[in-house]
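Heads up, the thing below is written out as structure tokens.
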Amino acid sequence: MAANFTQNLLDPTHSRDPIHPQSPKPNSLDRAHPLAIGHGVSNSLLDKIREVSIDFFSLPMEEKQKYARAVNEAEGYGSDRIVSNKQVHDWSHRLSLKVFPQRKRRETLDEYAMKIKIVTEVLFKAIAKSLNLEENG
């Protein structure tokens, strides 16, 4: 499965949806925001991730602040830390996955994190192979 999965993930002609092979493909690939296709993460899970993300970021600020990142911590809600006077701040807010969100978000995020871990491992193996590096397990 891994070889076929890797091939599908990296093949821009491979359909995103194995059930509906004629599903629309992106008109163009944005180099700054590449689109991974054939990754094995179901559309229903991606829809759930979008839904719980929109739900969280639509909460009132006071509610989101309950998940605020502690000083010197990477996990939690907030924006990027400024580590240098020369750093450009992008003013975006993020929610790292190691917070304790409500049950609905937690279940969806856990499932998504497991799927993304698999995708990440496949991508890293493909990158290593393309660089002629030895596989370490």
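Last residue of the sequence shown: number 154 in the working numbering, and the count goes up by one each step with no gaps.
Think of the CB as a built atom: it goes at the ideal place given N, C-alpha and C, for glycine as much as any other residue.
This one's a predicted model, so the numbers in the text were calculated from it and none came from an experiment.
Straight-line Cα distance separating Tyr84 from Lys132 = Between Lys132 and Tyr84, the C-alpha separation is close to 24 Å.
Unbroken alpha helix (DSSP H) run spanning Ser101, endpoints = Looking at the DSSP string, Ser101 is not in any alpha helix (DSSP H), and its letter there is neither H nor E.
Alpha-carbon to alpha-carbon, Glu92 and Met78 = Cα-Cα distance, rounded: 17 Å.
Beta-carbon proximity of Phe73 to Arg122, cut-off 8 Å = In this structure, Arg122 lies closer than 8 Å to Phe73 by Cβ.
Assigned exposure category for Gly55 - 16 Cβ within 10 Å defines buried = Buried, because 16 or more other Cβ atoms sit within 10 Å of the Cβ of Gly55.
Who are the Cβ neighbours of Glu128 in its own chain at under 7 Å, not counting the five residues just before and after it?
-> Contacts found: Leu62.
Pull up the distance between the alpha-carbon of Ile66 and that of Leu150, whole angstroms please.
-> The alpha-carbon atoms of Ile66 and Leu150 are separated by roughly 34 Å.
Which of helix, strand or coil DSSP assigns to Pro43 | With a pLDDT of 49 at Pro43, under the threshold of 50, the predicted position of this residue should be treated as unreliable, and no value is reported.
Whole-angstrom Cβ separation of Glu152 and Ala143, contact assumed at under 8 Å?
-> Actually they do not touch by this definition, with Cβ atoms about 11 Å apart.
With 16 other CB atoms within 10 Å as the buried threshold, where does Thr137 fall?
-> Exposure of Thr137 is indicated by the presence of fewer than 16 other C-beta atoms within 10 angstroms of its C-beta.
Pair within 8 Å by beta-carbon distance, Thr125 and Val69 = Val69 is positioned such that its CB atom lies closer than 8 Å to that of Thr125.
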